[in-house]
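Below you'll find the structure, written out as structure tokens, and then a few comments.
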Amino acid sequence: MKAVRLTLICHAQTAAQRAGRLHRAQDGILDHADRPLTPMPDVRVLTAPEARTRETAAWLSGAPQVEVGLADCDLGRWQGMTLKQLQAEQPEALAQWLEDPRSAPHGGESFAEVCQRVGGWLEAFEGKGDWLAVTHPMVIRAVIVHLLGCPLTAYQRIDVLPLSRLALSYTGQWRLRLA
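By the count of the numbering used here, the sequence shown reaches residue 326 at its end, each step adding exactly one.
Okay, structure coming up:
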């Protein structure tokens with residue numbers, strides 16, 4: 148059995164992150180003069196479908212494969228809203244969403260649903276060899292919660308910064324790899 152090495156990479160910083168605004172699918176990354184990621188030979192690259200992940204993945208590969216299982220949390224009608232706006236207009240709904248991983252007052256996905264989707268994608272992953280997957284902070288949190296069997300509320304204690312990496316390996320079971 149050939150081992151799988153899968154490294155999840157968070158997309159580069161966006162204007163939405165800098166402004167405290169919830170993402171939209173078309174949000175791209177900030178223009179960086181230097182490219183902190185370089186292509187790696189013999190490593191296949193996957194990317195979530197959103198613009199910010201595809202732009203980041205382009206630093207690694209000329210032809211990354213889009214994988215819908217790596218998509219960000221669907222924030223429904225909250226897409227593009229600032230946290231300050233939500234605190235002013237919908238404070239109870241925002242508090243509920245932040246405290247209860249099963250809630251989705253925005254009409255999109257709850258964190259619990261993201262965990263279920265991402266966990267299913269990870270368990271069905273059949274690629275052998277070395278892989279890079281460019282995705283989102285919420286997806287990386289879901290992977291950690293899934294692999295460690297943590298309570299869903301643990302996601303609130305995980306910070307995932309732009310260009311962070313989470314290394315995984317698989318030889319009969321998924322394992323976190325610290326380097």
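Just so you know, even glycine gets a beta-carbon here, dropped at the ideal spot from N, CA and C. In this text, all values refer to a predicted model and were calculated from it rather than measured experimentally.
Non-local beta-carbon contacts of residue 246 in its own chain, meaning distances under 6 Å to residues more than five positions away in sequence, are absent. For residue 322, the enclosing beta strand (DSSP E) stretches over residues 321 to 324. Going by C-alpha positions, residue 317 is about 11 Å away from residue 154. A Cβ-Cβ separation of about 21 Å leaves residue 288 out of contact with residue 254 under the 8 Å criterion. Going by C-alpha positions, residue 197 is about 14 Å away from residue 177.
Rounded to whole angstroms, residue 188 and residue 279 show a C-alpha spacing of 11 Å. A Cβ-Cβ distance of about 17 Å is found for the pair residue 325 and residue 157, leaving them out of contact under the 8 Å criterion. Membership of residue 314 in the beta strand (DSSP E) is indicated by the continuous run 312 to 317. A residue is called buried when at least 16 other Cβ atoms come within 10 angstroms of its Cβ; residue 192 meets this threshold and is buried. Across the set 292, 311, 301, the C-alpha of 292 shows the shortest separation from the C-alpha of residue 321.
Within its own chain, the residues whose Cβ lies closer than 8 Å to the Cβ of residue 228, once the five positions on either side in sequence are excluded, are 168, 169, listed in chain order. Residue 174 and residue 231 have their C-alpha atoms some 19 Å from each other. Per the Cβ contact rule, the region 207 to 226 is not in contact with the region 295 to 311 (fewer than 3 Cβ pairs under 8 Å). Only residues of its own chain outside the window of five on either side were considered, and among them 157, 307 have a CB closer than 7 Å to the CB of residue 284, listed in chain order. Under the three-state reduction of DSSP output, residue 157 falls in the strand class.
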